[in-house]
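Protein chains: 2
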Amino acid sequence: MKGLFFITSNKGKAVESKELFSKSGIDVVQKNLGYPEIKANTLDEVAFFGAEFVKNKIDQPFFLEDAGLFIDALNGFPGVYSAYVFHSIGCKGILKLMKDVENRNATFRSVIAYCETGKEPVIIIGECKGAISEKEIGKNGFGYDPIFIPKGQKRTFAQMETDEKNKFSHRGKSLHKLLDFFKRR
Amino acid sequence: MKGLFFITSNKGKAVESKELFSKSGIDVVQKNLGYPEIKANTLDEVAFFGAEFVKNKIDQPFFLEDAGLFIDALNGFPGVYSAYVFHSIGCKGILKLMKDVENRNATFRSVIAYCETGKEPVIIIGECKGAISEKEIGKNGFGYDPIFIPKGQKRTFAQMETDEKNKFSHRGKSLHKLLDFFKRR
């Protein structure tokens with residue numbers, strides 16, 4: 000495979016996938032094309048709907064990705080609306096909502112929709128369990144990385160280099176699964 | 000006008016519009032049809048997109064409505080995602096985010112998309128300025144009513160009867176404008 004388009008406006012996501020795929024000789028090309036996102040209950044629906052829209056505009060293999068942070072004590076909030084919530088109340092808002100909350104369990108989910116010309120999108124899911132930290136720590140990554148500690152680790156995603164984060168992260172897992180999908184064929 | 004369909008799954012909204020329109024001899028009929036809601040930056044886009052979808056499924060005049068609570072100190076949160084946020088963190092979550100926040104200004108917005116067979120949807124906007132209360136008060140209404148005090152008032156929407164709430168409220172205003180629209184023709 001020569002070039003693989005990643006339809007996203009998010010530089011951080013593009014960096015993570017470029018780094019991971021380059022090791023397999025695949026050149027990920029970020030394409031900020033834009034697509035309508037529906038208000039849905041699951042990331043799968045958002046990604047599928049987005050891919051169905053993009054596939055009519057592009058004649059090369061591409062993928063797009065939707066991710067969300069689901070916090071147990073907040074009934075899954077911010078979930079499907081993680082990006083919007085991040086841009087309004089941010090990590091500080093989440094930490095305020097989690098003040099004095101004992102159960103800090105949370106799950107980061109990543110859903111990739113991969114699509115080839117004339118075919119239906121393939122949906123691939125990656126998940127990373129962990130906990131919400133007591134304060135923001137670390138300068139790497141983006142979004143909720145400074146407040147998420149993956150299970151079995153002591154540092155937040157924002158304290159890790161891209162390479163290390165990709166080993167644990169939801170997106171690292173979904174990207175690895177996409178690579179496996181290519182290799183099996 | 001005989002019957003006017005209100006496409007909504009929200010009983011509270013249906014009650015408010017029935018009460019207001021019945022005074023003008025218009026019978027509002029709630030229809031829980033369902034329509035896709037897009038992730039958008041404005042309520043207008045959500046309502047317009049919804050109406051465009053519904054108008055192909057129904058051959059009678061109808062309206063649908065999207066509403067949101069925009070809190071100044073939270074950069075407009077929960078805004079376009081008010082319903083989702085209500086069902087995850089609720090009024091309690093909003094009050095926690097507003098703890099020790101001095102600027103409690105907020106605006107309730109209601110956007111109606113009214114549509115007749117074969118025509119483009121008409122967009123009508125109602126707004127109500129007010130403040131977030133320090134605690135939940137009142138049992139009437141629904142959603143964020145127990146924590147919203149309209150400007151110039153001392154009680155929350157949830158402490159008012161439907162008739163009184165309709166005088167101040169965002170939805171009362173957009174519904175009145177829809178009535179005016181009918182009368183002008």
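Heads up: the sequence lines are chains A and B, in that order.
Numbered by numbering that gives the first Met the number 0, the letters in the first sequence go through residues 0 to 184 in order.
Numbered by numbering that gives the first Met the number 0, the letters in the second sequence go through residues 0 to 184 in order.
For glycine and all other residues, C-beta sits at the position ideal for the given N, C-alpha and C.
Because the structure is a prediction, the values reported are computed rather than measured.
- Between the beta-carbon of residue 57(B) and that of residue 34(B) there is about 10 Å, and that puts the pair past the 8 Å contact cut.
- Residues of the stretch 146-170 of chain B that bring their beta carbon within less than 9 Å of a beta carbon in chain A are absent altogether.
- Residue 109(B) and residue 173(B) do touch by the CB rule: their CB atoms are close to 4 Å apart, below 8 Å.
- For the pair of segments examined, the stretch 44-57 of chain B was found not to touch the stretch 92-99 of chain B: the number of CB pairs separated by less than 8 Å stays below three.
- If you check the CB distance, residue 147(A) and residue 68(A) come in under 8 Å.
- For the beta strand (DSSP E) assignment, the uninterrupted runs of no fewer than 3 residues enclosed by the stretch 105-150 of chain B are, from N- to C-terminal side, 121-131, 147-149.
- Counting every other CB atom within 10 Å of its CB across the protein chains shown gives residue 162(B) a total below 16, marking it as exposed.
- Interface flag for residue 85(A) against chain B is unset, since no Cβ pair is found closer than 8 Å.
- For residue 43(B), the enclosing alpha helix (DSSP H) begins and ends at 42-53.
- Under DSSP, residue 26(B) takes part in a beta bridge, and its partners are 2(B).
- Residues are counted here when their Cβ sits less than 8 Å from a Cβ of chain B; for the stretch 42-73 of chain A these are 45, 73, given in chain order.
- Taking every protein chain shown into account, the CB of residue 40(B) has fewer than 16 other CB atoms within 10 angstroms, so this residue is exposed.
- Nearest in C-alpha terms to residue 181(A), of all of 13(A), 25(A), 90(A), is 25(A).
- According to the DSSP assignment, residue 61(A) belongs to the beta strand (DSSP E) that extends over 61-70.
- Burial state of residue 153(A) is exposed, judged by a 10 Å Cβ sphere holding fewer than 16 other Cβ atoms.
- Chain-order list of chain B residues neighbouring residue 136(A): empty, with the shortest C-beta distance near 21 Å, by a criterion of under 9 Å.
- Among the CB atoms of chain A, one or more fall inside 8 Å of the CB of residue 96(B).
- Counted as a single uninterrupted DSSP element, the beta strand (DSSP E) harbouring residue 38(A) occupies residues 36-38.
- At a cut-off of 8 Å, the C-beta of residue 15(A) has no neighbouring C-beta in chain B.
- Taking the beta carbon of residue 80(A) as reference, the chain B residues within 8 Å of it are 38, 80, 83, 84, listed in sequence order.
- In this model, residue 29(A) and residue 178(A) are separated by some 17 Å (Cα to Cα).
- Around the beta carbon of residue 155(B), 16 or more other beta carbons sit within 10 angstroms, so the residue counts as buried.
- Cα atoms of residue 27(B) and residue 3(B): separation of roughly 5 Å, rounded to the nearest angstrom.
- Boundaries cannot be given for residue 168(B), as no alpha helix (DSSP H) includes it and DSSP labels it neither H nor E.
- Contact annotation for residue 88(A) against chain B: 73, 74, 76, 96 [CB-CB distance below 8 Å, chain order].
- Note on geometry: alpha-carbon atoms of residue 65(B) and residue 135(A) lie some 35 Å from one another.
- Counting along the chain, residue 14(B) sits inside the alpha helix (DSSP H) bounded by residues 10-21.
- Closest option to residue 112(B), judged by alpha-carbon separation, among 176(B), 83(B), 85(B): 176(B).
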